[in-house]
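K.L.:
Okay, handing you the structure first.
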Amino acid sequence: MNSGLHFNHLIYQNRMKNLISSSIILALIITGTACSGSSDTGLADVPEGAQAVSLLGEPLYKPELPDEVYTTYTENFEEALTGYRTDPENAESIIWLGRRTAYLGEYREAVKIFTEGVFKHPEDPRFYRHRGHRYITLRQFDEAIQDLERAAELMRSGPDMVEPDGLPNALNKPVSTLKSNVWYHLGLAYYLKGEYRNAADAYENAFELDLTDDMRIATLYWYYSALKRMGMDEEAGIAVAGVNPDIELIENDVYLNLILVFDGIFDADHLMETADDAVQNAALAYGLGNWHYMNGRRARAFEIWNNILELPNWAAFGYIAAESELVRER
1 MNSGLHFNHL
11 IYQNRMKNLI
21 SSSIILALII
31 TGTACSGSSD
41 TGLADVPEGA
51 QAVSLLGEPL
61 YKPELPDEVY
71 TTYTENFEEA
81 LTGYRTDPEN
91 AESIIWLGRR
101 TAYLGEYREA
111 VKIFTEGVFK
121 HPEDPRFYRH
131 RGHRYITLRQ
141 FDEAIQDLER
151 AAELMRSGPD
161 MVEPDGLPNA
171 LNKPVSTLKS
181 NVWYHLGLAY
191 YLKGEYRNAA
201 DAYENAFELD
211 LTDDMRIATL
221 YWYYSALKRM
231 GMDEEAGIAV
241 AGVNPDIELI
251 ENDVYLNLIL
261 VFDGIFDADH
271 LMETADDAVQ
281 NAALAYGLGN
291 WHYMNGRRAR
301 AFEIWNNILE
311 LPNWAAFGYI
321 AAESELVRER
């Protein structure tokens, strides 16, 4: 394909994606989901066409997905929309429609969908858990904390449950539960606000659960970081003392490797080859910057965190954490 034809093909692909995206929003509006309870969503005002505003004041637009991924996500969304239309009162149908909408980068619409779930099922902690997650994505940490605290309150007396993966790992084996996800995301929201004691408390609640190794390592990573920020170096060292390279994980190898760097087992150069996944890149880059920061190399830390802003996936937790560090420094 010559350069002119290739350029025209790219234009056509982008137009088709925009058309599909518009169709998604239209489908939600016709269904009534996008409008349901919209006045109670707590969504912040954003510039026209933006999903959010970064902590540094930059508008954030829907991330671009590779064509194959976009096609798969769109098919999954259409399946979820059909399920919702079949039974719009069903909690599972609402949850999956919200999750599938968010995977397409329509985070604000996802919040509206989860808000409908809150309205229809006010005692179901899952809607607060998922809406809280997407409030984090949208940089609305106070709203996220409010939702996740409410989810924690509602779930205390009930049994835990495995949370199905919307984006299955290589083994198609879920690694987290409702309760572990609530405490994990609550701790993250506090961490991003710089409220490290509250973050550590949330993570300690998670450790009381029967965690998979994947979830334990991911939680330990942020817990260690919170303790270090509070100057609790000895406690942080004790927390990760049992972590070793032989732990077999399904999807959180980046967090494991970062802990091994923090603990002096791995050299940081071991991690300089970044993963293909933009989410993993952001997690790795933030962690390496964090390692430099905790060891007094502030200039290098902020150089790395600034570079993260050049990555495409602004919804990644590592990207958001880098923003929070930069805005606090300013």
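What the sequence shown shows, in UniProt numbering, is residues 1 to 330, in sequence order.
The beta-carbon is built from N, C-alpha and C at its ideal position, and this holds for glycine as well.
Note that the coordinates shown come from a computational prediction; the quantities given were computed from them, not determined experimentally.
#1: Let me check understanding here. Comparing Cα to Cα, which of Pro174, Ser180, Glu323, Glu89 lies closest to His133?
#2: Exposed or buried, Val162, counting other C-beta atoms within 10 Å across all chains shown (16 or more means buried)?
#3: Output yes or no for whether 8 angstroms exceeds the beta carbon distance between Pro99 and Gly49.
#4: Can you tell me where the alpha helix (DSSP H) holding Ile142 begins and where it ends?
#5: Could you give the distance in angstroms between the alpha-carbon of Gln280 and the alpha-carbon of Asp40?
#6: What are the boundary residues of the alpha helix (DSSP H) that Lys193 is part of?
#7: Excluding five sequence neighbours on each side, which residues of the same chain lie with their C-beta closer than 8 angstroms to the C-beta of Gly37?
#8: Under a three-way DSSP split, which group does Ser324 fall into?
#9: Are the region 147-154 and the region 75-92 touching, with three or more C-beta to C-beta distances below 8 angstroms?
#10: With a threshold of 7 angstroms on Cβ separation, who are the neighbours of Pro47 within its own chain once the five nearest residues in sequence on each side are excluded?
#11: Taking the alpha helix (DSSP H) that Met232 falls in, what are its first and last residues?
#12: Should the region 295-304 be called in touch with the region 232-244, which here means at least 3 C-beta pairs below 8 angstroms?
#13: Note down the Cα distance separating Leu148 from Pro66, rounded to an integer number of angstroms.
P.N.:
This is what the structure gives:
#1: Ser180
#2: exposed
#3: The sequence given here has Arg at residue 99, not Pro. For Arg99 and Gly49, no; Cβs fall outside 8 angstroms.
#4: Reading off the sequence, residue 142 comes out as Asp, not Ile. Segment 141-155, the alpha helix (DSSP H) holding Asp142.
#5: 33 angstroms
#6: 178-193
#7: For Gly37, the predicted structure reports a pLDDT of 42, less than 50, and the residue's modelled location is therefore unreliable. A value from the coordinates is still provided. Once the five neighbours on either side are set aside, the close Cβ partners of Gly37 are Lys112, Thr115, Glu116, Val118, Phe119.
#8: helix
#9: no
#10: Pro59
#11: Note, Met232: premise wrong, no alpha helix (DSSP H); not H, not E.
#12: no
#13: 31 angstroms
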